[in-house]
Amino acid sequence: MFTGIVQAIGTIKSIEILSDESRRISVKCSNLGSNFSIGESISVNGVCLTVESQELDVLTFTAVKETILKTNFKELEVDSQVNLERAATLSTFLGGHLVTGHVDKTLKILDVQVSKNWTVIEIEFDNDDRKYLIPKGSITINGVSLTVSDLQSKSFKINLIPQTLSETNLKDLKVNDFVNIEFDLIGKYVLNKVLEQND
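When the sequence shown is numbered by our numbering, its final residue is 205 and no position is left out of the sequence of numbers.
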């Protein structure tokens, strides 16, 4: 479990495509801390991955084929920047919201408006996604806990303050980029229960 508060930006050092179409990904994590454990969970761009090995400040993970297909990992290249967060503990301050690291899908950036005090990003969504979106509700984008600031019929907007931009890779987003989306966990559970009762 994670909180959506990015702790560091990592850099992709290598990507190896394996025989089963999974990918072994090595990430330089200079500012994420130390004393990593093999088997530890790390959120990489919002995807929960397991540490398989460590060499100094470089961690290696394997992303299976399903993960590649469902996330923007297919777009990653050497030197790509990724958002990183270590798993939460019972004593972790919940500064964002509950995030599982299980990405629901990717969505496309429609517009990026940059101003002095904030940046507004507009993201297109599919009809089936509407039920998961609530004005002023929580959403995770590339592992970052954010708030839906404006909800329209086919898109929603998020406002990014300078602090969020400086501490994450969201500052690099461009029109037509795809971002990893995890809809609010509690909202999904509530919706599932309501649908069960209506059956």
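Glycine residues also receive a C-beta, built at the ideal position from the N, C-alpha and C atoms. Here the structure is a predicted model, which is why all the values come from computation and not from measurement.
Which whole-angstrom value is the C-beta distance of D110 and K71, which I expect to be below 8 Å? Actually they are not in contact, since the Cβ atoms of D110 and K71 sit about 17 Å apart, beyond 8 Å.
Does K180 pass the burial test, meaning 16 or more other C-beta atoms within 10 Å, or should it be called exposed? exposed
Counting Cβ pairs closer than 8 Å, one from the stretch 40–51 and one from the stretch 119–128, do we hit at least three? no
Out of D132, L104, V126, S97, which has the shortest C-alpha to C-alpha gap to G52? L104
Closer than 7 Å by C-beta to Q60: which residues in its own chain qualify, once you throw out the five before and the five after it? Chain order, please. F42
Roughly how many angstroms lie between the CA atoms of A94 and Q87, to the nearest whole one? 22 Å
Below 8 Å between beta carbons: does that hold for I115 and D183? yes
What's the gap between the Cα of E202 and the Cα of D134? 17 Å
For T73, is the classification buried or exposed, using 16 other Cβ atoms within 10 angstroms of its Cβ as the cut-off for buried? buried
I'd like to confirm the pairing. Which residues does DSSP put opposite T174 in its beta bridges? T174 pairs with nothing; no bridge assigned.
Assigned exposure category for S49 - 16 Cβ within 10 Å defines buried: buried
Compute the Euclidean distance between the alpha carbons of K177 and G107, then round it to the nearest angstrom. 21 Å
Determine the burial state of E81: buried for a count of at least 16 other Cβ atoms within 10 Å of its Cβ, exposed for fewer. exposed
Quickly, what does DSSP pair Q60 with across the bridge? List them, please. L65
With which residues is G16 paired in a DSSP beta bridge? V88
Give me, in chain order, the residues of the same chain whose beta-carbon lies closer than 6 Å to that of K163; leave out the 5 immediate sequence neighbours on both sides. V126, E128, S155, D156
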